[in-house]
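Undergrad:
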Amino acid sequence: KHPLEIPPPSEKDWLKDDEEDFFLQDPDRKRDALPQPFRMINKLVMQVFENAMEIIEKRETLREVQKLKVKPTKCFPTAEFQVTGRANCLAVSGNYIFVGLSAGLAAFKMSDCKETCAWDEAETEICAIHALDLGNECHVLFAVDEMGLLWFFCFHKESFLLIKILNEVEDISKRSTCVEVVLSPAGDYAGVLLQGNTKAWLEIYRLPKDSWLKEMEKNPGAAAGLACRERSSSWISADIFLLQESPVSANKADAKLSLPVLLLKVKPPKPVTGSSFKSPLDALKEVDDGSTLGLGYNHLIKDSQWELQEAIFRSTYREYLEVEDKTESKEEIPRRATFHFLLPSWILQAGPEMKVQPDVPAGISVHWDGSHNLCLYLLNHPLKDKVDSDPKPDVVWPCAAPIACSTVSSCSRYLALACEDATITIWDKHLGYPLCVTAILEERLIRSIHFL
Numbered sequence: 069k070h071p072l073e074i075p076p077p078s079e080k081d082w083l084k085d086d087e088e089d090f091f092l093q094d095p096d097r098k099r100d101a102l103p104q105p106f107r108m109i110n111k112l113v114m115q116v117f118e119n120a121m122e123i124i125e126k127r128e129t130l131r132e133v134q135k136l137k138v139k140p141t142k143c144f145p146t147a148e149f150q151v152t153g154r155a156n157c158l159a160v161s162g163n164y165i166f167v168g169l170s171a172g173l174a175a176f177k178m179s180d181c182k183e184t185c186a187w188d189e190a191e192t193e194i195c196a197i198h199a200l201d202l203g204n205e206c207h208v209l210f211a212v213d214e215m216g217l218l219w220f221f222c223f224h225k226e227s228f229l230l231i232k233i234l235n236e237v238e239d240i241s242k243r244s245t246c247v248e249v250v251l252s253p254a255g256d257y258a259g260v261l262l263q264g265n266t267k268a269w270l271e272i273y274r275l276p277k278d279s280w281l282k283e284m285e286k287n288p289g290a291a292a293g294l295a296c297r298e299r300s301s302s303w304i305s306a307d308i309f310l311l312q313e314s315p316v317s318a319n320k321a322d323a324k325l326s327l328p329v330l331l332l333k334v335k336p337p338k339p340v341t342g343s344s345f346k347s348p349l350d351a352l353k354e355v356d357d358g359s360t361l362g363l364g365y366n367h368l369i370k371d372s373q374w375e376l377q378e379a380i381f382r383s384t385y386r387e388y389l390e391v392e393d394k395t396e397s398k399e400e401i402p403r404r405a406t407f408h409f410l411l412p413s414w415i416l417q418a419g420p421e422m423k424v425q426p427d428v429p430a431g432i433s434v435h436w437d438g439s440h441n442l443c444l445y446l447l448n449h450p451l452k453d454k455v456d457s458d459p460k461p462d463v464v465w466p467c468a469a470p471i472a473c474s475t476v477s478s479c480s481r482y483l484a485l486a487c488e489d490a491t492i493t494i495w496d497k498h499l500g501y502p503l504c505v506t507a508i509l510e511e512r513l514i515r516s517i518h519f520l
């Protein structure tokens with residue numbers, strides 16, 4: 069075998085002397101390199117261009133994503149109606165819209181947006197309205213004015229009839245303000261949360277709606293109402309109404325309807341203090357049959373024992389406790405409550421002498437701010453000549469943490485409790501046991517809860 073040798077290059081592969089533009093075959097060498105500072109300027113311009121292209125691509129991507137999303141339906145007003153003064157609030161009941169004005173009340177028909185009646189006798193500003201349709205063209209209204217007074221109206225056949233001002237007193241210093249009003253679904257009961265200068269309480273009323281309908285039928289003059297004026301409307305355009313006052317004088321009626329009956333007056337629970345009983349026998353006398361839990365007032369723990377226990381706790385966990393101001397006042401009585409009307413169920417067992425209807429509330433659930441206990445009160449107790457100012461709850465549900473908020477499902481079967489430790493419990497009131505317990509992150513504070 070012959071040894072391998074490198075073949076000599078052929079002359080045809082050699083570059084000719086006249087081919088001086090051979091560098092044009094490389095695209096990068098088509099132009100000469102720029103001198104400084106032009107190279108720096110070129111680099112900055114290219115960087116700005118690339119950043120701009122990135123921003124454009126991101127915006128185009130977001131635009132494509134937005135096109136894929138379902139756009140919400142935009143609703144535009146189909147009709148307009150003007151009111152006298154300023155509209156502060158409104159409520160819908162049946163075929164009517166009730167508007168709270170800066171000087172009274174007004175009622176409008178939903179079909180044609182015409183004002184049918186207005187009430188301005190007291191010339192008071194209405195800040196909140198709660199209305200409910202009782203049937204037979206009868207509606208019940210609770211209106212709260214700027215001073216916290218609760219005006220109780222009955223609207224029948226396009227006329228307002230003032231029944232009573234529930235929290236009106238002669239002595240202004242003893243006047244209470246209305247904080248919240250809740251009507252039961254069928255209008256059988258109404259709950260009013262009131263606040264005074266130093267205390268708060270809850271009043272539950274039974275509304276005699278059946279008596280009202282009978283009284284309206286027997287006395288048609290009651291439908292005229294108090295200080296009701298009619299208004300005529302003039303057509304302006306296809307969808308706009310302007311309301312003009314007519315010189316029709318107000319018709320006044322002397323007819324009176326039955327007043328609501330006060331059933332309960334619930335006060336916030338007092339803080340648990342040392343026992344005042346001298347012997348265990350005295351404490352046992354105050355205890356009921358023992359079938360239900362109480363609020364913990366009937367115990368034998370003395371004040372000295374509470375103080376000793378607190379001193380031991382503070383000395384043991386001193387480094388974990390925050391420094392408290394010595395001038396800090398003691399625990400204040402809660403001034404806010406959340407309450408719901410409850411239909412009959414296993415947890416609200418009424419006696420055999422009490423009549424229970426499936427669609428009429430049998431009790432209420434109440435919990436005050438900062439309280440661990442959910443208190444249940446029966447509403448179908450026999451009426452007394454004097455309402456108990458501090459009734460005992462019929463059922464008490466203690467919770468591991470203070471109750472932050474609660475809600476009841478539309479069918480009134482399920483009750484949801486949210487505590488301050490971010491724990492939510494769903495109760496089945498018909499069966500009387502919890503369905504589930506869910507714990508959320510401790511960093512979250514639950515302020516409201518709703519069934520969907």
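First residue of the sequence shown? That's 69 in this note's numbering, and the numbers climb one at a time after it.
Yeah, the Cβ is synthetic: ideal placement off N, Cα and C, and Gly gets one too.
Pick helix, strand or coil for Arg515, following the three-state DSSP scheme.
TA: coil
Undergrad: Sort out for me which residues DSSP pairs Pro466 with in a bridge.
TA: Asn441
Undergrad: Please return the same chain residues whose Cβ sits closer than 7 Å to the Cβ of Ser516, not counting the five positions on each side in sequence.
TA: Cys473
Undergrad: In whole angstroms, what separates the C-alpha of Leu72 from that of Met108?
TA: Leu72 and Met108: Cα-Cα distance of roughly 52 Å.
Undergrad: Give a yes or no on whether the C-beta atoms belonging to Val260 and Cys246 are separated by under 8 Å.
TA: yes
Undergrad: Taking just the CA atoms, how far does Ser227 sit from Trp465?
TA: 45 Å
Undergrad: Can you tell me the Cα-Cα spacing of Ile508 and Ala486, whole angstroms?
TA: 10 Å
Undergrad: Taking a contact to mean a Cβ-Cβ separation below 8 Å, would you say Leu262 touches Pro459 in this structure?
TA: no
Undergrad: State the DSSP-derived secondary structure class of Glu375, mapped to helix, strand or coil.
TA: helix
Undergrad: Express the C-alpha separation of Asp239 and Asp256 in angstroms, rounding to a whole number.
TA: Near 31 Å, if we compare the C-alpha coordinates of Asp239 and Asp256.
Undergrad: If you follow the alpha helix (DSSP H) that Ile129 is part of, which residue opens it and which one closes it?
TA: Here residue 129 turns out to be Thr, not Ile, going by the sequence shown. Looking at the DSSP string, the run of the alpha helix (DSSP H) that includes Thr129 is Phe106 to Leu136.
Undergrad: What residues in its chain sit with their C-beta under 6 Å from that of Gly431, if we drop five residues either side in the sequence?
TA: Leu410, Leu416, Leu444, Tyr445, Leu446 and Leu447
Undergrad: Give the DSSP-derived three-state secondary structure of Glu387 in the structure shown.
TA: helix
Undergrad: Rounded to whole angstroms, what's the CA-CA distance from Thr266 to Ser170? Just pull it up for me.
TA: Cα to Cα, the separation comes out at about 29 Å.
Undergrad: Quick check: His408 and Ser433, are their CB atoms within less than 8 Å of each other?
TA: yes
Undergrad: In this structure, does DSSP put Phe345 in helix, strand or coil?
TA: coil
Undergrad: Below 7 Å CB to CB, which residues in the same chain sit around Thr406 once its five sequence neighbours on both sides are set aside?
TA: Taken in chain order, the residues that qualify are His435, Cys473 and Ser474.
Undergrad: Just to check my reading of the structure: Ala174 and His198 have Cβ atoms closer than 8 Å, yes? What is that Cβ distance to the nearest angstrom?
TA: The pair is not a contact, with the Cβ atoms about 16 Å apart (cut-off 8 Å).
Undergrad: What does DSSP give as the partner residues of His435 in its beta bridges?
TA: Thr406
Undergrad: How many angstroms separate the CA atom of Trp495 from the CA atom of Cys504?
TA: 8 Å
Undergrad: Report the residue ranges of all alpha helix (DSSP H) runs contained in full by the stretch 218 to 261; include only those spanning at least 4 residues, in chain order.
TA: none
Undergrad: Quick test of your reading: Ile233 and Cys222, contact by CB under 8 Å. State the CB separation rounded to the nearest angstrom.
TA: Incorrect: roughly 14 Å between the Cβ atoms, too far for contact.
Undergrad: Counting only the same chain and skipping the five closest in sequence on each side, list residues whose C-beta sits under 7 Å from that of Ala254.
TA: Asp427 and Val428
Undergrad: Beta-carbon within less than 6 Å of Ser252's beta-carbon, same chain only, minus the 5 sequence neighbours each way: which residues are those?
TA: Phe409 and Pro429
Undergrad: Please state whether DSSP places Ser480 in a helix, a strand or coil.
TA: coil
Undergrad: Once you ignore the five residues that flank Leu327 on each side, which residues in its own chain have a CB closer than 7 Å to its CB?
TA: Ile231 and Lys232
Undergrad: How far does the beta strand (DSSP E) with Lys286 in it reach, from first residue to last?
TA: Counting along the chain, Lys286 falls outside any beta strand (DSSP E), though it belongs to the alpha helix (DSSP H) covering Lys277 to Lys286.
Undergrad: On the criterion of 16 or more Cβ atoms from any shown chain inside 10 Å, does Val316 qualify as buried, or is it exposed?
TA: The pLDDT assigned to Val316 is 32, lower than 50, so where the model puts this residue is not dependable, and the model offers no usable value.
Undergrad: Mind reading off the beta-carbon distance from Leu520 to Lys497? Whole number of angstroms is fine, and I expect it under 8 Å.
TA: Not a contact, Cβ separation roughly 19 Å.
Undergrad: Helix or strand or just coil, what does DSSP make of Ile380?
TA: helix
Undergrad: Closer than 8 Å by C-beta to Leu218: which residues in its own chain qualify, once you throw out the five before and the five after it? Chain order, please.
TA: The residues are Phe210, Ala211, Val212, Ile233, Leu234, Asn235, Cys246, Val249 and Val260.
Undergrad: Who are the near neighbours of Asn163 in its chain, counting only those whose CB is closer than 8 Å to its CB and skipping five residues on each side?
TA: Hits under 8 Å: Lys177, Met178 and Ser179.
Undergrad: Report all residues from its chain with a CB closer than 6 Å to the CB of Trp187; omit the five preceding and five following residues, and keep chain order.
TA: Gly172, Leu173, Phe228 and Ala295
Undergrad: Under a Cβ-count criterion, where at least 16 other Cβ atoms within 10 Å of its own Cβ denotes burial, should Ala147 be classed as buried or exposed?
TA: exposed
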